[in-house]
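To start, the structure itself, in structure tokens.
In my numbering, the protein residues as written are -4 to 64.
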């Protein structure tokens, strides 16, 4: 089966843009499931042994998405 030069160029062009669309969709899907984590760092205080310390906690900042039903 013989293909013309123009048809091969069109196929390459279409494949290139399809790959770009697929890559963009994967990035978007990954960003949707990645949670945002907020680090909360407390003030300095002395613990029970007299060491200067502070409390560091991580909070999950997930957006409230409506249920997809």
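Yeah, the Cβ is synthetic: ideal placement off N, Cα and C, and Gly gets one too. Only a predicted model underlies this, so the values are computations on that prediction, with no experimental measurement involved.
8 Å Cβ shell around residue 56 - same chain, five flanking residues per side excluded: 30, 31, 32, 33
Expressed to the nearest angstrom, what Euclidean distance is found between the alpha-carbon atoms of residue 35 and residue 45? 23 Å
Looking at the strands, I want to know which residues DSSP matches up with residue 47. 41
C-beta atoms of residue 52 and residue 40 nearer than 8 Å: no
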